[in-house]
Amino acid sequence: MTLAPGSTIGIVGGGQLGRMMAMAAAQLGYRCHIFDPHRRPCAAEVAAEFTRAAFDDEAALFRFAAACDVVTYEFENLPIGPLSTLGDKLRPDTRSLAVSQDRAEEKRFLAGVGARVAPWREVDGADDVFAALTELGAPILLKTRRLGYDGKGQAWVDEPGDAEAAWESIGRQPAVAEARVAFDAEFSLILARTEAGETRAYPLTRNQHDGGILRRSSVPAGRAIEALRDVALRSATAIADALGHVGVLTVEFFACHGEAVVNEIAPRVHNSGHWTIEGAHTSQFEQHLRAILGLPLGDSGLVAAGATMDNLIGSDAERWPELLAEPGACLHLYGKGEARAGRKMGHVTRLGPSRE
Ligand code: AMP
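Sequence positions in the sequence shown follow my numbering and run 11 to 366.
Take a look at the structure:
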């Protein structure tokens, strides 16, 4: 199935990923329709249509889907039931959502396709936290099974005396406990997969986090990470194939003593791929659209010696006058209102050899 320019792409979720996807769609002559519960989601400002409704409002979702030629999503914490009624119109389908929105399911799935993950245990109470500490060795990281992002819903546990407080701090929700990975670096692999099973990957991207939030992504990723390309590509391709994924898929890895350990997957375009807008021949947003529209995949190669993307978080975005004045700095602001601490307000990409 090929959807020609002029078709309407539905995007569930109206954040910055949807916004940049809608901008890529407009460049190719497609229209976008955003579905989001908020009053003025930043993606709706650059799209042709906007439906404001709750993600679990089946009637609204049905009307929205009827007005679109294909429907995709820009974040994974969506109710599966209502979306599964969209059938073939939904790309990627609900299998990719189901696996990536529950950390325990995700880890079982990853192990099943032969990807390496950190040792982990399911946690359903403070007693399980104690047991995990003994079995995995301190420290462990508690992560809620669902709805965690940017380090939210996570707590480190260093000793048995912290177990109760950590369980309390994540809201006493079903969780996983992970052994700490003493990683040398973090990186991601972003690839697109078509309905026919063709895949195309971007260069590995090195990611630097602070407080659980991505701060900087850079390519080339450096020799130690590049050495893991084959194994990372095999894992990511096996994941995409096993899901029957159509669209962009992101796999986040730890580089640890020469091994690629999967941290998590995202069934979508990703913050660590924003550099592709200026730094690759085809951006991750356009590549995702090409895959779900049945178009040929684009060239994912670099257009320069490298690229570095820095997130503008909270008040960082106030630096916009200075960034606009900087030669070669490509500024993106997401048009969000309030610059709350930890909120991603924009990013800036600079082409050229990686900066440390
Ligand atoms: P996540 O929400 O799972 O992506 O975690 C956010 C960040 O926390 C990661 O990018 C790492 O920097 C750190 N992190 C997550 N899991 C682990 C782990 N098992 N060991 C060490 N650091 C971790």
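All C-beta atoms in this analysis are idealised placements derived from N, C-alpha and C, irrespective of residue type, glycine included.
Remember, it's a predicted structure, so these values are computed and weren't measured experimentally.
Output the boundary residues of the beta strand (DSSP E) element that contains residue i.
i	result
residue 125	Premise fails: residue 125 is in no beta strand (DSSP E) and is neither H nor E.
residue 196	195-203
residue 257	257-266
residue 46	41-46
residue 188	185-189
residue 80	80-83
residue 229	223-229
residue 20	18-22
Under the rule that 16 or more other beta-carbon atoms within 10 Å means buried, what is residue i, buried or exposed?
i	result
residue 218	exposed
residue 249	buried
residue 168	exposed
residue 12	exposed
residue 38	exposed
residue 302	buried
residue 24	buried
residue 93	buried
residue 72	exposed
residue 374	As shown, the chain starts at 11 and ends at 366. That puts residue 374 outside it, with no answer to give.
residue 325	exposed
residue 144	exposed
residue 69	exposed
residue 204	buried
residue 103	buried
residue 15	exposed
residue 101	buried
residue 95	exposed
residue 336	exposed
residue 158	buried
residue 162	exposed
residue 270	buried
residue 112	buried
residue 121	exposed
residue 234	exposed
Going by Cα to Cα distance, which pick from the options is closest to residue i?
i	options	result
residue 201	15, 16 and 275	275
residue 334	348, 347, 350 and 360	360
residue 268	120, 328, 256 and 241	241
residue 45	83, 37, 38 and 26	83
residue 273	114, 54, 329 and 137	114
residue 286	347, 357 and 234	357
residue 280	312, 321, 270 and 306	321
residue 347	166, 221, 328 and 282	328
residue 64	58, 51 and 216	51
residue 166	306, 212 and 176	176
residue 313	349, 230, 343 and 155	230
residue 284	189, 41 and 199	199
residue 306	315, 319 and 292	292
residue 171	137, 345 and 294	137
residue 140	256, 227, 186 and 282	186
residue 352	282, 299, 339 and 220	220
residue 131	234, 315, 330 and 184	184
residue 207	157, 222 and 258	258
residue 340	289, 278 and 232	289
residue 246	55, 60 and 127	127
residue 252	239, 123 and 27	123
residue 309	317, 300, 316 and 315	300
residue 98	232, 270 and 254	254
residue 363	343, 233, 323 and 315	315
residue 330	350, 355, 318 and 311	355
residue 189	156, 133 and 174	133
residue 155	40, 117, 297 and 60	117
residue 153	222, 297, 294 and 41	222
residue 125	350, 224, 243 and 135	243
residue 297	164, 119 and 209	209
residue 228	149, 311, 317 and 343	317
Can you give me the start and stop residues for the alpha helix (DSSP H) that residue i sits inside?
i	result
residue 240	239-253
residue 289	286-289
residue 180	Here residue 180 belongs to no alpha helix (DSSP H), and DSSP marks it neither H nor E.
residue 280	Per DSSP, residue 280 belongs to no alpha helix (DSSP H) and is neither H nor E.
residue 74	68-76
residue 298	294-303
residue 30	26-37
residue 314	That residue, residue 314, is in no alpha helix (DSSP H); it is neither H nor E in DSSP.
Can a CB atom of chain B be found closer than 8 Å to the CB of residue i?
i	result
residue 27	The question asks about chain B, but that chain is absent: this structure has only one protein chain.
Touching by the beta-carbon criterion (3+ pairs, under 8 Å), the stretch 71-80 and the stretch 12-20: yes
Three-pair Cβ contact test at 8 Å for the stretch 105-113 versus the stretch 45-58: no
Given 8 Å, three or more beta-carbon pairs between the stretch 86-94 and the stretch 24-44: no
Inter-stretch contact at 8 Å, needing at least 3 Cβ pairs: the stretch 187-195 / the stretch 258-265: yes
Cβ pair count under 8 Å reaching 3, the stretch 178-189 against the stretch 203-213: no
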